[in-house]
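Chemist: Note that the sequence shown covers residues 2 to 352 in the numbering used here.
Backbone N, C-alpha and C fix where the C-beta goes; we use that ideal spot for every residue, glycine too.
Below you will find the structure I want to go over with you.
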Amino acid sequence: MTSPSAASPAASAPRLLWIDLLRGFLMLAIIFDHTEICFTGDNIVPYRMYVPDVLMAFFFLSGYLFYRPEGFRLRHKLHSWLRGVFMPYFIFTSALALPKAWLHGDGGSISDLLLTILTGQGSWFIASLAVAELLFCFLLWLSRARWRWLAGAGLFAVALAYGFGTRRLAFEANWWHVNEAVVALPFLLLGYMVHRFDSLGMRWRLGLFALLLMLSLPVNVLVASSSWPSVLVGALVLPRLFLVKNALSVLLLYLLFTISQRDGVRWVEQMPRWLAAMVSWTGRRSIVYYFFSSGVPTALTAVFSRLGYTYRGCYAEVLVVFLLNLLLITLVTWAIYRYLPWTTGRRKPNG
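Take a look at the structure:
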(Lines of atoms letter the chains of each structure in order from A and count residues from 1; the text may use other names and numbers.)
(Lines give C-alpha, C1' and ligand atoms only; values in the text may rest on other atoms or scores of the structure.)
Protein backbone atom coordinates (compact mmCIF):
# COMPACT_ATOMS: atom_id res chain seq x y z
CA MET A 1 0.00 0.00 0.00
CA THR A 2 2.98 2.26 -0.17
CA SER A 3 5.47 2.64 -2.96
CA PRO A 4 7.07 0.95 -4.77
CA SER A 5 4.65 -1.88 -4.17
CA ALA A 6 1.43 -1.42 -2.34
CA ALA A 7 3.31 -1.55 0.87
CA SER A 8 6.94 -0.91 0.22
CA PRO A 9 8.50 2.25 1.66
CA ALA A 10 11.76 2.09 -0.20
CA ALA A 11 10.74 3.91 -3.32
CA SER A 12 13.43 4.81 -5.79
CA ALA A 13 11.10 6.43 -8.30
CA PRO A 14 9.39 9.79 -7.73
CA ARG A 15 6.09 9.53 -5.88
CA LEU A 16 2.94 9.88 -7.93
CA LEU A 17 0.44 12.20 -6.25
CA TRP A 18 -2.58 10.56 -7.85
CA ILE A 19 -1.60 7.21 -6.33
CA ASP A 20 -1.25 8.71 -2.86
CA LEU A 21 -4.61 10.44 -3.28
CA LEU A 22 -6.33 7.27 -4.47
CA ARG A 23 -4.83 5.20 -1.66
CA GLY A 24 -5.90 7.87 0.80
CA PHE A 25 -9.52 7.79 -0.35
CA LEU A 26 -9.46 3.99 -0.33
CA MET A 27 -8.20 4.02 3.25
CA LEU A 28 -10.92 6.46 4.28
CA ALA A 29 -13.47 4.05 2.81
CA ILE A 30 -12.03 1.17 4.86
CA ILE A 31 -12.15 3.20 8.08
CA PHE A 32 -15.72 4.24 7.24
CA ASP A 33 -16.74 0.61 6.74
CA HIS A 34 -15.18 -0.48 10.03
CA THR A 35 -16.76 2.48 11.82
CA GLU A 36 -20.19 1.61 10.50
CA ILE A 37 -19.91 -2.07 11.47
CA CYS A 38 -18.55 -1.39 14.96
CA PHE A 39 -20.88 1.49 15.84
CA THR A 40 -24.16 0.29 14.30
CA GLY A 41 -23.52 -3.46 14.30
CA ASP A 42 -24.21 -3.78 10.59
CA ASN A 43 -23.39 -2.49 7.11
CA ILE A 44 -26.03 0.15 6.44
CA VAL A 45 -24.30 1.02 3.18
CA PRO A 46 -24.18 -2.42 1.51
CA TYR A 47 -20.76 -4.05 1.90
CA ARG A 48 -20.86 -5.63 -1.54
CA MET A 49 -21.34 -2.27 -3.25
CA TYR A 50 -17.92 -0.86 -2.41
CA VAL A 51 -15.75 -2.76 0.08
CA PRO A 52 -14.51 -5.55 -2.27
CA ASP A 53 -13.85 -2.87 -4.92
CA VAL A 54 -11.79 -0.84 -2.46
CA LEU A 55 -9.75 -3.86 -1.37
CA MET A 56 -9.05 -4.98 -4.93
CA ALA A 57 -8.02 -1.43 -5.82
CA PHE A 58 -5.23 -1.70 -3.24
CA PHE A 59 -3.99 -4.86 -4.97
CA PHE A 60 -4.28 -3.13 -8.35
CA LEU A 61 -2.08 -0.26 -7.13
CA SER A 62 0.41 -2.75 -5.75
CA GLY A 63 0.70 -4.36 -9.18
CA TYR A 64 0.86 -0.96 -10.86
CA LEU A 65 3.86 -0.01 -8.74
CA PHE A 66 5.61 -3.32 -9.43
CA TYR A 67 6.36 -2.19 -12.96
CA ARG A 68 9.67 -0.47 -13.64
CA PRO A 69 10.84 0.54 -17.15
CA GLU A 70 14.35 -0.66 -16.31
CA GLY A 71 13.05 -4.16 -15.64
CA PHE A 72 12.16 -6.39 -12.72
CA ARG A 73 14.81 -7.24 -10.11
CA LEU A 74 13.77 -10.07 -7.82
CA ARG A 75 16.33 -9.42 -5.07
CA HIS A 76 15.44 -5.73 -4.85
CA LYS A 77 11.72 -6.47 -4.76
CA LEU A 78 12.06 -9.20 -2.12
CA HIS A 79 14.06 -6.83 0.07
CA SER A 80 11.37 -4.21 -0.40
CA TRP A 81 8.67 -6.79 0.41
CA LEU A 82 10.42 -7.90 3.59
CA ARG A 83 10.81 -4.34 4.88
CA GLY A 84 7.49 -2.97 3.71
CA VAL A 85 5.00 -5.80 4.27
CA PHE A 86 6.40 -8.85 6.03
CA MET A 87 8.24 -7.12 8.88
CA PRO A 88 5.42 -4.64 9.69
CA TYR A 89 2.96 -7.54 9.79
CA PHE A 90 4.87 -9.28 12.58
CA ILE A 91 5.67 -6.08 14.47
CA PHE A 92 2.15 -4.68 14.52
CA THR A 93 0.21 -7.92 14.94
CA SER A 94 2.49 -8.88 17.85
CA ALA A 95 2.11 -5.48 19.50
CA LEU A 96 -1.67 -5.45 19.04
CA ALA A 97 -2.39 -9.12 19.81
CA LEU A 98 -3.17 -8.72 23.52
CA PRO A 99 -5.17 -5.47 23.19
CA LYS A 100 -7.24 -6.99 20.36
CA ALA A 101 -7.89 -10.16 22.35
CA TRP A 102 -9.01 -8.08 25.33
CA LEU A 103 -11.29 -5.89 23.20
CA HIS A 104 -12.94 -8.89 21.57
CA GLY A 105 -13.23 -10.78 24.85
CA ASP A 106 -11.02 -13.65 23.72
CA GLY A 107 -9.44 -15.63 26.51
CA GLY A 108 -6.82 -17.40 24.43
CA SER A 109 -3.39 -18.26 25.78
CA ILE A 110 -0.13 -16.71 24.65
CA SER A 111 0.56 -19.80 22.56
CA ASP A 112 -2.82 -19.35 20.82
CA LEU A 113 -2.01 -15.71 20.06
CA LEU A 114 1.42 -16.69 18.78
CA LEU A 115 -0.10 -19.33 16.51
CA THR A 116 -2.57 -16.76 15.20
CA ILE A 117 0.29 -14.45 14.23
CA LEU A 118 2.51 -17.16 12.74
CA THR A 119 -0.29 -18.53 10.55
CA GLY A 120 -1.08 -15.09 9.14
CA GLN A 121 -4.38 -14.66 10.97
CA GLY A 122 -3.31 -11.51 12.80
CA SER A 123 -4.37 -9.22 9.95
CA TRP A 124 -6.08 -10.91 7.05
CA PHE A 125 -5.58 -8.13 4.51
CA ILE A 126 -1.88 -7.58 5.18
CA ALA A 127 -1.31 -11.36 5.19
CA SER A 128 -3.09 -11.83 1.86
CA LEU A 129 -1.25 -8.82 0.43
CA ALA A 130 2.07 -10.36 1.50
CA VAL A 131 1.21 -13.70 -0.12
CA ALA A 132 -0.16 -12.11 -3.31
CA GLU A 133 2.92 -9.89 -3.72
CA LEU A 134 5.25 -12.82 -3.10
CA LEU A 135 3.43 -14.96 -5.67
CA PHE A 136 3.54 -12.09 -8.13
CA CYS A 137 7.27 -11.60 -7.55
CA PHE A 138 7.99 -15.17 -8.57
CA LEU A 139 5.55 -14.97 -11.47
CA LEU A 140 7.45 -11.98 -12.88
CA TRP A 141 10.78 -13.68 -12.22
CA LEU A 142 9.80 -16.95 -13.90
CA SER A 143 8.23 -15.21 -16.91
CA ARG A 144 11.06 -12.65 -17.09
CA ALA A 145 8.22 -10.10 -17.28
CA ARG A 146 7.52 -10.95 -20.93
CA TRP A 147 4.04 -9.77 -21.74
CA ARG A 148 3.07 -12.85 -23.75
CA TRP A 149 3.92 -15.12 -20.85
CA LEU A 150 2.15 -12.74 -18.49
CA ALA A 151 -0.97 -12.75 -20.68
CA GLY A 152 -1.13 -16.54 -20.44
CA ALA A 153 -0.46 -16.39 -16.71
CA GLY A 154 -3.21 -13.80 -16.42
CA LEU A 155 -5.79 -16.14 -17.93
CA PHE A 156 -4.70 -18.87 -15.54
CA ALA A 157 -4.83 -16.43 -12.60
CA VAL A 158 -8.36 -15.36 -13.54
CA ALA A 159 -9.47 -19.00 -13.72
CA LEU A 160 -7.92 -19.67 -10.31
CA ALA A 161 -9.46 -16.51 -8.85
CA TYR A 162 -12.88 -17.56 -10.11
CA GLY A 163 -12.43 -21.03 -8.62
CA PHE A 164 -11.37 -19.69 -5.24
CA GLY A 165 -13.86 -16.80 -5.36
CA THR A 166 -16.76 -19.21 -5.81
CA ARG A 167 -15.27 -21.75 -3.35
CA ARG A 168 -15.04 -24.44 -5.99
CA LEU A 169 -11.40 -24.41 -4.94
CA ALA A 170 -10.14 -23.59 -1.46
CA PHE A 171 -7.40 -24.29 1.07
CA GLU A 172 -9.36 -25.30 4.15
CA ALA A 173 -6.74 -24.13 6.65
CA ASN A 174 -6.34 -20.84 4.74
CA TRP A 175 -3.02 -20.04 6.40
CA TRP A 176 -1.82 -16.56 5.57
CA HIS A 177 -5.20 -16.06 3.88
CA VAL A 178 -3.92 -17.66 0.72
CA ASN A 179 -7.49 -18.04 -0.58
CA GLU A 180 -8.00 -14.27 -0.61
CA ALA A 181 -4.51 -13.79 -2.07
CA VAL A 182 -5.33 -16.04 -5.03
CA VAL A 183 -8.58 -14.13 -5.61
CA ALA A 184 -6.62 -10.85 -5.63
CA LEU A 185 -3.72 -12.01 -7.81
CA PRO A 186 -5.35 -11.03 -11.16
CA PHE A 187 -5.67 -7.46 -9.89
CA LEU A 188 -1.93 -7.20 -9.27
CA LEU A 189 -1.38 -8.43 -12.80
CA LEU A 190 -3.99 -6.00 -14.12
CA GLY A 191 -2.24 -3.10 -12.41
CA TYR A 192 1.13 -4.20 -13.75
CA MET A 193 -0.14 -4.49 -17.34
CA VAL A 194 -1.98 -1.16 -17.15
CA HIS A 195 1.24 0.57 -16.07
CA ARG A 196 3.27 -1.21 -18.73
CA PHE A 197 0.97 0.01 -21.51
CA ASP A 198 -0.01 3.28 -19.84
CA SER A 199 0.18 5.62 -22.83
CA LEU A 200 -3.44 6.40 -23.69
CA GLY A 201 -4.22 9.99 -24.66
CA MET A 202 -6.86 11.95 -22.79
CA ARG A 203 -9.54 11.47 -25.46
CA TRP A 204 -9.08 7.72 -25.29
CA ARG A 205 -9.15 7.83 -21.50
CA LEU A 206 -12.38 9.81 -21.46
CA GLY A 207 -13.96 7.51 -24.02
CA LEU A 208 -12.87 4.40 -22.14
CA PHE A 209 -14.11 5.87 -18.87
CA ALA A 210 -17.55 6.52 -20.38
CA LEU A 211 -17.70 3.00 -21.83
CA LEU A 212 -16.69 1.31 -18.57
CA LEU A 213 -19.15 3.46 -16.65
CA MET A 214 -21.98 2.34 -18.93
CA LEU A 215 -20.96 -1.29 -18.49
CA SER A 216 -20.67 -0.99 -14.72
CA LEU A 217 -24.14 0.45 -14.17
CA PRO A 218 -26.15 -2.72 -14.94
CA VAL A 219 -23.61 -4.85 -13.07
CA ASN A 220 -23.95 -2.67 -9.96
CA VAL A 221 -27.75 -2.72 -10.22
CA LEU A 222 -27.66 -6.53 -10.22
CA VAL A 223 -25.20 -6.76 -7.34
CA ALA A 224 -27.16 -4.19 -5.29
CA SER A 225 -30.14 -6.54 -5.13
CA SER A 226 -30.47 -8.17 -1.71
CA SER A 227 -31.33 -11.45 -3.44
CA TRP A 228 -28.09 -11.46 -5.45
CA PRO A 229 -25.96 -14.39 -4.23
CA SER A 230 -22.66 -13.88 -2.43
CA VAL A 231 -19.91 -16.22 -1.29
CA LEU A 232 -17.77 -15.97 1.83
CA VAL A 233 -14.09 -16.46 0.96
CA GLY A 234 -12.11 -16.20 4.17
CA ALA A 235 -12.64 -12.61 5.29
CA LEU A 236 -14.08 -11.49 1.93
CA VAL A 237 -17.74 -11.49 0.94
CA LEU A 238 -17.78 -11.73 -2.85
CA PRO A 239 -20.95 -11.32 -4.92
CA ARG A 240 -21.46 -13.34 -8.06
CA LEU A 241 -19.77 -11.55 -11.00
CA PHE A 242 -17.21 -10.20 -8.53
CA LEU A 243 -14.37 -10.36 -11.07
CA VAL A 244 -16.35 -8.27 -13.55
CA LYS A 245 -17.62 -5.79 -10.97
CA ASN A 246 -14.28 -5.36 -9.22
CA ALA A 247 -12.33 -5.03 -12.49
CA LEU A 248 -14.73 -2.39 -13.81
CA SER A 249 -14.62 -0.44 -10.55
CA VAL A 250 -10.83 -0.59 -10.28
CA LEU A 251 -10.32 0.57 -13.88
CA LEU A 252 -12.86 3.37 -13.41
CA LEU A 253 -10.99 4.58 -10.33
CA TYR A 254 -7.69 4.41 -12.20
CA LEU A 255 -9.06 6.43 -15.13
CA LEU A 256 -10.81 8.93 -12.86
CA PHE A 257 -7.58 9.64 -10.98
CA THR A 258 -5.40 9.88 -14.10
CA ILE A 259 -7.56 12.01 -16.42
CA SER A 260 -5.86 15.37 -16.85
CA GLN A 261 -6.52 18.77 -18.32
CA ARG A 262 -4.85 20.15 -21.43
CA ASP A 263 -2.03 21.58 -19.32
CA GLY A 264 -1.27 18.08 -18.02
CA VAL A 265 -2.56 18.68 -14.48
CA ARG A 266 -4.80 15.84 -13.34
CA TRP A 267 -8.35 16.73 -12.42
CA VAL A 268 -8.12 15.00 -9.07
CA GLU A 269 -5.18 17.24 -8.13
CA GLN A 270 -7.39 20.32 -8.41
CA MET A 271 -9.10 19.66 -5.08
CA PRO A 272 -8.46 22.14 -2.23
CA ARG A 273 -4.85 21.98 -1.07
CA TRP A 274 -5.72 21.15 2.53
CA LEU A 275 -7.86 18.21 1.43
CA ALA A 276 -5.25 16.93 -1.03
CA ALA A 277 -2.55 17.21 1.65
CA MET A 278 -4.63 15.31 4.20
CA VAL A 279 -5.72 12.54 1.83
CA SER A 280 -2.29 12.04 0.25
CA TRP A 281 -0.68 11.98 3.72
CA THR A 282 -3.09 9.21 4.63
CA GLY A 283 -2.35 7.36 1.40
CA ARG A 284 1.41 7.43 1.96
CA ARG A 285 0.94 5.82 5.38
CA SER A 286 -1.95 3.53 4.54
CA ILE A 287 -0.33 0.32 5.78
CA VAL A 288 -0.15 1.63 9.36
CA TYR A 289 -3.64 3.11 9.05
CA TYR A 290 -4.90 -0.33 8.13
CA PHE A 291 -3.46 -2.00 11.23
CA PHE A 292 -5.48 0.39 13.40
CA SER A 293 -8.53 0.76 11.15
CA SER A 294 -10.43 -1.95 13.01
CA GLY A 295 -9.01 -1.77 16.53
CA VAL A 296 -9.61 1.95 17.08
CA PRO A 297 -13.30 1.84 15.97
CA THR A 298 -13.81 -1.22 18.18
CA ALA A 299 -12.20 0.49 21.17
CA LEU A 300 -14.06 3.77 20.66
CA THR A 301 -17.38 1.94 20.33
CA ALA A 302 -16.63 0.07 23.58
CA VAL A 303 -15.91 3.39 25.34
CA PHE A 304 -19.14 4.91 24.04
CA SER A 305 -21.05 1.82 25.16
CA ARG A 306 -19.61 2.13 28.68
CA LEU A 307 -20.76 5.74 28.71
CA GLY A 308 -24.25 4.68 27.64
CA TYR A 309 -23.99 6.13 24.15
CA THR A 310 -25.04 3.82 21.33
CA TYR A 311 -26.36 4.20 17.80
CA ARG A 312 -29.90 5.61 17.87
CA GLY A 313 -30.78 5.46 14.20
CA CYS A 314 -29.50 8.89 13.16
CA TYR A 315 -26.91 8.30 10.45
CA ALA A 316 -25.21 11.63 11.19
CA GLU A 317 -23.91 9.95 14.36
CA VAL A 318 -21.99 7.47 12.19
CA LEU A 319 -20.30 10.33 10.35
CA VAL A 320 -19.28 12.02 13.61
CA VAL A 321 -17.86 8.77 15.01
CA PHE A 322 -16.07 8.18 11.70
CA LEU A 323 -14.33 11.56 12.02
CA LEU A 324 -13.35 10.75 15.60
CA ASN A 325 -11.94 7.38 14.53
CA LEU A 326 -10.05 9.02 11.68
CA LEU A 327 -8.57 11.60 14.05
CA LEU A 328 -7.45 8.97 16.57
CA ILE A 329 -5.95 6.68 13.92
CA THR A 330 -4.17 9.65 12.35
CA LEU A 331 -2.64 10.63 15.70
CA VAL A 332 -1.43 7.08 16.33
CA THR A 333 -0.04 6.81 12.79
CA TRP A 334 1.74 10.17 13.09
CA ALA A 335 3.35 9.09 16.37
CA ILE A 336 4.54 5.79 14.88
CA TYR A 337 6.11 7.43 11.83
CA ARG A 338 7.61 10.15 14.00
CA TYR A 339 9.01 8.09 16.87
CA LEU A 340 9.06 4.46 15.66
CA PRO A 341 9.83 4.68 11.93
CA TRP A 342 11.73 1.38 11.99
CA THR A 343 8.44 -0.47 12.50
CA THR A 344 7.38 0.57 9.00
CA GLY A 345 10.67 -0.25 7.29
CA ARG A 346 11.92 3.33 7.38
CA ARG A 347 15.20 4.48 8.88
CA LYS A 348 14.34 8.13 9.53
CA PRO A 349 11.42 9.76 11.35
CA ASN A 350 8.69 10.92 9.00
CA GLY A 351 5.75 12.29 10.93
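Check this for me: beta carbons of ARG24 and SER200, under 9 Å apart or not?
Modeler: Going by C-beta atoms, ARG24 is not nearer than 9 Å to SER200.
Chemist: Helix, strand or coil for VAL159, going by three-state DSSP, please let me know.
Modeler: Three-state DSSP puts VAL159 in a helix.
Chemist: When burial is assigned at 16 or more other CB atoms within 10 Å of the CB, is LYS349 buried or exposed?
Modeler: Looking at its Cβ environment, which holds fewer than 16 other Cβ atoms inside 10 Å, LYS349 is exposed.
Chemist: Tell me which same chain residues have a C-beta within less than 7 Å of the C-beta of ALA277, skipping the five on either side of it?
Modeler: Excluding positions up to five away in sequence, the list reads LEU22 and GLU270.
Chemist: Taking three-plus beta-carbon pairs below 8 Å as touching, is the stretch 162-178 in contact with the stretch 140-153?
Modeler: Segments in contact, no.
Chemist: For PRO10, does the count of other Cβ atoms within 10 angstroms reach 16, so buried, or fall short, so exposed?
Modeler: Low confidence applies here, because PRO10 scores a pLDDT of 40, under 50, leaving its location unreliable and the question unanswered by this model.
Chemist: So, helix, strand or coil for ARG267, using DSSP?
Modeler: ARG267: strand per DSSP, three-state reduction.
Chemist: Put PRO89 into one of helix, strand or coil per three-state DSSP.
Modeler: Of the three classes helix, strand and coil, the one that applies to PRO89 here is helix, per DSSP.
Chemist: Under DSSP, the alpha helix (DSSP H) around LEU218 begins and ends at which residues?
Modeler: Segment 203-225, the alpha helix (DSSP H) holding LEU218.
Chemist: Could you check whether VAL251 and PHE67 sit closer than 9 Å to each other, using their CB atoms as the reference points?
Modeler: No, the pair does not count as a contact, with Cβ atoms beyond the cut-off.
Chemist: Out of curiosity, what's the CA-to-CA distance linking SER228 and GLY42?
Modeler: Roughly 21 Å separates the two Cα atoms.
Chemist: What distance in whole Å lies between the Cβ atoms of PRO100 and GLY296, which are believed to be in contact at a cut-off of 8 Å?
Modeler: At roughly 7 Å, the Cβ-Cβ gap stays under 8 Å, so GLY296 and PRO100 are in contact.
Chemist: Rounded to the nearest angstrom, what separates ALA152 and LEU327 at their Cα positions?
Modeler: Whole-angstrom Cα-Cα distance: 40 Å.
Chemist: Would you kindly work out how many angstroms separate the C-alpha atoms of TRP19 and LEU301, rounded to a whole number?
Modeler: Their backbone Cα atoms lie some 31 Å apart in a straight line.
Chemist: If you draw a straight line from the C-alpha of PHE26 to the C-alpha of VAL280, how long is it?
Modeler: For PHE26 and VAL280, the distance between alpha carbons rounds to 6 Å.
Chemist: Using the rule of at least 16 other Cβ atoms within 10 Å of the residue's Cβ for burial, across every protein chain shown, is PRO219 buried or exposed?
Modeler: Classification for PRO219: exposed.
Chemist: With a cut-off of 8 Å, do at least 3 Cβ pairs link the stretch 87-103 to the stretch 206-226?
Modeler: Because the criterion of three Cβ pairs below 8 Å is not met, the stretch 87-103 and the stretch 206-226 do not touch.
Chemist: Indicate the three-state DSSP secondary structure (helix, strand or coil) for VAL46 in the structure shown.
Modeler: Looking at VAL46 - three-state DSSP - the assignment turns out to be coil, as it is neither helix nor strand.
Chemist: Can we say the stretch 237-255 touches the stretch 49-60, given the rule of at least three CB pairs closer than 8 Å?
Modeler: With the cut-off at 8 Å, the stretch 237-255 and the stretch 49-60 touch.
Chemist: So if DSSP puts LEU237 in a beta bridge, which residue, or which two residues, is it bridged to?
Modeler: For LEU237, which the question treats as bridged, DSSP gives the partners VAL234.
Chemist: Measuring CB to CB, does LEU140 end up less than 9 Å from LEU190?
Modeler: Yes, they are a contact pair.
Chemist: Round the Cβ separation of ALA158 and LEU186 to the nearest angstrom and send it over; I've been treating them as touching at under 8 Å.
Modeler: Correct: roughly 5 Å between the Cβ atoms.
Chemist: My output table needs one value for SER261: the three-state DSSP class, helix, strand or coil.
Modeler: In this structure, SER261 counts as strand in the three-state DSSP scheme.
Chemist: Out of PRO298, CYS39 and ARG285, state which residue places its alpha-carbon closest to the alpha-carbon of SER347.
Modeler: What sits at residue 347 in the sequence shown is Arg, not Ser. Per the Cα distances, ARG285.
Chemist: Please specify which runs of the alpha helix (DSSP H), each continuous and at least 4 residues long, are wholly inside the stretch 116-198, giving them in chain order.
Modeler: Qualifying alpha helix (DSSP H) stretches, in chain order: 125-144, 148-166 and 179-197.
Chemist: So, helix, strand or coil for LYS349, using DSSP?
Modeler: Note: LYS349 maps to coil in three-state DSSP.
Chemist: Roughly how many whole angstroms lie between the Cα atoms of ALA162 and ALA225?
Modeler: Roughly 22 Å separates the two Cα atoms.
Chemist: Report yes if the C-beta distance between GLU182 and LEU130 is below 9 Å; otherwise report no.
Modeler: In the sequence as displayed, the identity of residue 182 is Ala instead of Glu. It is a contact, given that the beta carbons lie within the stated cut-off.
Chemist: Measure the Cβ-Cβ separation of LEU104 and ALA336 and say whether it is below 9 Å.
Modeler: It is not a contact, given that the beta carbons lie outside the stated cut-off.
Chemist: So, helix, strand or coil for PHE59, using DSSP?
Modeler: PHE59: helix per DSSP, three-state reduction.
Chemist: Can you tell me whether DSSP reads ALA7 as helix, strand or coil?
Modeler: Below a pLDDT of 50, predicted positions are generally treated as unreliable, and ALA7, at 43, falls in that range; the measurement from the model is reported next regardless. ALA7: coil per DSSP, three-state reduction.
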